[in-house]
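In the order they appear, the protein sequences are chains A, B, C and D.
So for the first sequence, the UniProt record's numbering puts the first residue at 1; every next one is plus one.
So for the second sequence, the UniProt record's numbering puts the first residue at 1; every next one is plus one.
So for the third sequence, the UniProt record's numbering puts the first residue at 1; every next one is plus one.
So for the fourth sequence, the UniProt record's numbering puts the first residue at 1; every next one is plus one.
Using N, Cα and C, we set each Cβ at its ideal position, and we do this for glycine too.
Only one structure is covered here, and it is reproduced in the block below.
4 protein chains.
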Amino acid sequence: MKKIGILTSGGDAPGMNAAIRAVARRASAEGLEVYGINYGFAGLVAGDIFPLDEAVLDDKIARGGTFLYSARYPEFANVEGQLKGIEQLKKFGIDALVVIGGDGSYHGALRLTEHGYNAVGLPGTIDNDVPYTDFTIGFDTALSTAVEAIDKIRDTATSHQRVFVVEVMGRGAGDLALWAGVATGAEAIIVPERDYDVPAIAKKLEAFREAGHDNAVIVLAEGVMSAQEFKAELDKYGDFDSRATTIGHVQRGGVPTARDRVLASKMGNYAVELLLQGKGGLAIGIENNQITEHPMEELFDEKHHADLDLYDMNNKFNQ
Amino acid sequence: MKKIGILTSGGDAPGMNAAIRAVARRASAEGLEVYGINYGFAGLVAGDIFPLDEAVLDDKIARGGTFLYSARYPEFANVEGQLKGIEQLKKFGIDALVVIGGDGSYHGALRLTEHGYNAVGLPGTIDNDVPYTDFTIGFDTALSTAVEAIDKIRDTATSHQRVFVVEVMGRGAGDLALWAGVATGAEAIIVPERDYDVPAIAKKLEAFREAGHDNAVIVLAEGVMSAQEFKAELDKYGDFDSRATTIGHVQRGGVPTARDRVLASKMGNYAVELLLQGKGGLAIGIENNQITEHPMEELFDEKHHADLDLYDMNNKFNQ
Amino acid sequence: MKKIGILTSGGDAPGMNAAIRAVARRASAEGLEVYGINYGFAGLVAGDIFPLDEAVLDDKIARGGTFLYSARYPEFANVEGQLKGIEQLKKFGIDALVVIGGDGSYHGALRLTEHGYNAVGLPGTIDNDVPYTDFTIGFDTALSTAVEAIDKIRDTATSHQRVFVVEVMGRGAGDLALWAGVATGAEAIIVPERDYDVPAIAKKLEAFREAGHDNAVIVLAEGVMSAQEFKAELDKYGDFDSRATTIGHVQRGGVPTARDRVLASKMGNYAVELLLQGKGGLAIGIENNQITEHPMEELFDEKHHADLDLYDMNNKFNQ
Amino acid sequence: MKKIGILTSGGDAPGMNAAIRAVARRASAEGLEVYGINYGFAGLVAGDIFPLDEAVLDDKIARGGTFLYSARYPEFANVEGQLKGIEQLKKFGIDALVVIGGDGSYHGALRLTEHGYNAVGLPGTIDNDVPYTDFTIGFDTALSTAVEAIDKIRDTATSHQRVFVVEVMGRGAGDLALWAGVATGAEAIIVPERDYDVPAIAKKLEAFREAGHDNAVIVLAEGVMSAQEFKAELDKYGDFDSRATTIGHVQRGGVPTARDRVLASKMGNYAVELLLQGKGGLAIGIENNQITEHPMEELFDEKHHADLDLYDMNNKFNQ
């Protein structure tokens, strides 16, 4: 192995740049040449490939987004797409790849491995919805953004004795809602992994109010319903002067937190180690604080499991 | 004058606590007793009034929201409401008031002044829509929040070559959009004070894209229309892979910026000086970097004027 | 068990308030009464003890420092001190305690347990120097503060092509330097756990400069020497237009990160569970992402181990 | 005039990049070509000059430091240095310049103007020590950094009932200390523009403590003495468990605040307007919220005046 390529795929996530840098730095240290591939698999097929210069990497560890750009490219599911991609790898002499993205992008990575080009996957998504990893690259930053936002909303909730329904991201996963809810002392957390009971919540909020605690924040995972919809439900069971708000796209960007940068660096570093060992088709994770890898096929049959102990603990805190 | 009362009214704004603290500290220094009035004019009428203890003030300068709470209370427009309020002032021996809120709350303050209780108003609102002041308390913090959010959104816009329509607050005023737009290098700013031309904007975005600048942020004042509506308009004139996002309630809360704290401190300090001079019915502002005051009546006939030079400058930057 | 007390001891750390809240909330849910003890063991002995009101807890999860105050109190090492403390516990009817602080404070907690008052310890310190826990409460926030500071310093280092020696906290432990160094792409990290070679570092910096990479940040753990001393050493081996800077006390304060709040909440929650099981003399930790406990005695013979893989990885990145 | 050059000189300041971008964007809009000059006057003399590409500017408005680098170059005080610089201007066909830096860099700009190359100066320094401008580019960001730091320090001061002496930057000017002190509720502010009386301060702190207010922050301008020195003075007059801390170099870097970006944009924009009018040798400022210009010679005889009303107000707040 002499040359490796790196691409980012799917939604952007803070820490992707730190991961790219880690792969490039470690690969350079091992005497490998490193190529950046722009626009994910679309750029691979189009040959939008260039040597990753050290100077370009210098200030990237602290930058949100991905400087290799990202794009959806469903055409890579077809063999023709894959073969065009392999042609480009041949043309540039690239032997192996690191793919950073959600587990959707692992399908493409696995196909390349099957074609003889080892590809290793890094979980880059704010949603924390990838199996076999406790945390994805970007989750901690999105969490931090959500928590800062909810702290601000709490100011207004307190000043005006209101109930706010705050919708956070996470696609089908409740992780962001769970962590953000616990971290902001949410009076209720609503996630797809658990049933919810609006009348019971309304009753609890009434009880809190009678006890002198007259504002509340409900953190809602987008996978359940929209903040507006939940507010409409809630308003049927009481008059809370409620407001609905959606934190929105800000959760995808921003300067990555220290945790995300370190996690991305460790994973990027380990990806190069696996490639050096001649391995491919592996998805890297962090489980119980250890960097691990699993065959990509295993991820396709598995679901990510949110830490629902947080849910139960938060309920105890708000009895 | 021996005792003064302080209340906050209308939407909460970061820096209100700093203003309360400034009034209380300066009043104490002048040998006055200071009373907090909870929940704005509603609390005045209900007699929710208490001596403002020094200890309570200690950590407030850095806190968002208002620890005196705020509430709408349209009933104070009626003479009965006002007389009830005055009864409470008599009961507590309060001679004069400082009212912190939008110019809506100045009506109540003026009525009290007419009844013989001098009241001075401070412009506390994130919207910057109060006449005779260049800046309101809370505007700088809301601006800072909006800019941090748009910086994050820019990461995703860049990574995915998208156009984002970002809606910021400001009610009828374009100030927040103008300042946030200039500060984030927005490719277009849409404000109520100026007409807009969606086809022309679409054409400009196409030209930028052809020149290799393939992402854009349009900062939109809520007073024009919603982000979703603007996006729908824009999509009629081109395919920009556009997204609409609303920054929302976070703009109302959060730790106040240094600027807001200093502005609030100066205004609170000056309010006490005016009351000491036996003056009332005055609205405090900052104009051309000087603390000023105007009779409240003058504000009711006047509109706030946004700094539209920012609009023209931004257009030049994005020709 | 009917009543539990909570105190914070040693240096303050962000997340201590979140831990106090978690203990109080979970204890209330279990029908226990909760008392706050001000000023650590000093306040225990002095009887500065009060019922922890729900209302007091409301806004604490997001606040730095400890609202129960902290103080050093070496007198608690003596039996007289301990007996006075126990007298106070009797007077208030407190059956068990949660002690939040560095492992130094565990000695006092163990003594109380031996006297029949179960005490459980939570690792609250920014230094991450407590054995049997991967992370202490406050570490993530201090790390975040250090990283934000170094990001800013990098701006100046880049603008002026300088080498900055940046001293971070950690007492005898290198954790903060290791994590902050990796997260900011430090060209070198100096920690007490590893030897350092100033001439070799100087040579490496020269090589970087010749390769066009003409600024650098060296992250230095305070346990090694001061930034000024290290700069003086470095300047002997080259002209780097170097600067020394110490991040200082800011690392101890500030709004806790989401991670610290969640960690503190989990640990506080678990402390109540242990006390409910009639256990004491235990130190809570997080190991491999699981909440664990160990007899306090075991900690006194054990040293915390920094994650030196980070050191080696960073060296690879900067070959 | 067809081509203009831009350079940054002296210490870097957040917002310099926003100013460069504003000059380049406005100049492009006017049909001018724009050249970047690296490393200030040193780069001018060395011919380190390059066309400023639009793409380079795209993400710069939100970046700290200066991407044109900065350097001290005292040799430009000599005619030889100036003539070499002019040779380079001729070579590149540059007609006029914008110089961003402290008023020290205006000497070079004035010399170039005298040689027939109009140069306009922008006040870029965090110290706010330039005459004829209320604010310099970078001051608001440095203030924001200092305030965030002091807020964190206040957490520890409160938790441990300590007095902190916090040294902020500002060179000979007290502005940063004045604004940061007022914004953080400092119990005392020490600036070069006013005498200080340590025994009186100690007495005041004792009185505060007796009144139950047992922590304090003293904000000290670096132009007076170091934090360590002041602490040593203070400790002579009482036992405050005092700590000294220096905020340090972080004040020079970081993402510029919205205010700094808007100020830099307005000033950069106006610089191009002045050059288009064939003017040179002018220093741009903001006075009473209006963009103004003054002949550079006038600045050399004038001192910047800090807003000492802040000092007096803060004293009233802490009587």
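| query | result |
| --- | --- |
| Can at least three beta-carbon pairs, one atom from the segment 95 to 109 of chain A and one from the segment 121 to 131 of chain A, be found at a separation below 8 Å? | yes |
| Skipping 5 residues on each side, what residues in its chain have a beta carbon closer than 7 Å to that of T145 (chain D)? | V250, Q251 and G254 |
| Sorted by chain position, which residues of the same chain lie with C-beta nearer than 6 Å to G285 (chain D)'s C-beta, five sequence neighbours on each side aside? | Y132, T133 and T292 |
| Terminal residues of the continuous beta strand (DSSP E) containing P51 (chain D)? | I49 to P51 |
| Between P192 (chain D) and the rest of its own chain, which residues show a CB-CB distance below 7 Å, the 5 nearest in sequence each way excluded? | G172, G174, A221, G223 and V224 |
| Whole-angstrom Cβ separation of residue 354 (chain A) and T66 (chain A), contact assumed at under 8 Å? | The structure shown does not extend to residue 354 (chain A), since chain A is modelled only from 1 to 319, so the question has no answer here. |
| With a CB to CB cut of under 6 Å and the five nearest residues on each side skipped, what residues in its chain are close to A62 (chain C)? | V255 |
| Please state whether the Cβ-Cβ distance between Y106 (chain C) and M267 (chain C) is less than 9 Å. | no |
| Between I218 (chain B) and A186 (chain B), which are expected to be in contact by the criterion C-beta below 8 Å, what is the C-beta distance as a whole number of angstroms? | 6 Å |
| So G280 (chain B) packs on T113 (chain B), CB below 8 Å; how close in whole Å? | 4 Å |
| Leaving aside the five residues before and after E21 (chain A) along the sequence, list all residues of the same chain whose C-beta is less than 6 Å from its C-beta, in chain order. | The displayed chain sequence assigns Arg, not Glu, to residue 21 (chain A). L57, K60 and I61. |
| Can you tell me the Cβ-Cβ gap for A71 (chain A) and A96 (chain A), rounded? I've got them flagged as a contact below 8 Å. | Not a contact, Cβ separation roughly 22 Å. |
| In chain D, which residues lie less than 7 Å from T158 (chain C) when you measure between Cβ atoms? | G65 |
| Give a yes or no on whether 9 Å exceeds the smallest Cβ distance from I247 (chain C) to chain D. | yes |
| On the DSSP bridge assignment, give the partners of E33 (chain B) in chain order. | B:K3 |
| For H305 (chain D), count neighbouring Cβ atoms within 10 angstroms of its own Cβ and tell me buried if that reaches 16, exposed if not. | exposed |
| Taking a cut of 8 Å between CB atoms, which residues from the segment 100 to 126 of chain C lie near chain A? | none |
| For A19 (chain C) versus V147 (chain A), is the C-beta spacing smaller than 9 Å? | no |
| Counting only Cβ pairs nearer than 8 Å, list the residues of chain B close to D134 (chain D). | N289 |
| List the residues of chain G that G185 (chain C) touches, going by C-beta distances under 9 Å, in chain order. | Here the protein chains are A, B, C and D, and chain G is not one of them. |
| Measure the C-alpha to C-alpha separation of N314 (chain B) and K231 (chain B) and round it to an integer number of angstroms. | 20 Å |
| Write down every uninterrupted run of the beta strand (DSSP E) in the segment 264 to 300 of chain A whose length is 3 residues or greater and which is fully enclosed by it, in chain order. | 282 to 287 and 290 to 295 |
| Run through the segment 130 to 163 of chain A for me and flag every whole alpha helix (DSSP H) of 4 or more residues, listed as ranges in chain order. | 139 to 160 |
| Quick one: list the residues of chain C neighbouring V250 (chain D), beta-carbon separation under 7 Å, in chain order. | A149, K152 and I153 |
| With distances taken Cα to Cα, identify the nearest neighbour of V130 (chain B) among B:K303, B:N318 and B:F317. | B:K303 |
| Specify the secondary structure class of R72 (chain C) as computed by DSSP and reduced to three states. | coil |
| Run the CB neighbour count on V168 (chain B), radius 10 Å, all protein chains shown included, and call it buried at 16 or more, exposed below. | buried |
| Reducing DSSP to helix, strand and coil, say where I100 (chain D) ends up. | strand |
| Could you have a look at E206 (chain D) and say whether DSSP puts it in helix, strand or coil? | helix |
| On the criterion of 16 or more Cβ atoms from any shown chain inside 10 Å, does G31 (chain D) qualify as buried, or is it exposed? | exposed |
| Tell whether a beta-carbon distance below 9 Å holds between T245 (chain D) and I126 (chain D). | no |
| Between A77 (chain B) and K90 (chain B), what straight-line distance do the alpha-carbon atoms span, to the nearest angstrom? | 20 Å |
| Please confirm whether I247 (chain C) and G170 (chain D) have their CB atoms less than 9 Å apart. | no |
| Does the CB of E206 (chain A) have a neighbour CB from chain C at under 9 Å? | no |
| Under the rule that 16 or more other beta-carbon atoms within 10 Å means buried, what is V79 (chain B), buried or exposed? | exposed |
| Going straight from the alpha carbon of L282 (chain D) to that of G85 (chain D), what length do you get? | 19 Å |
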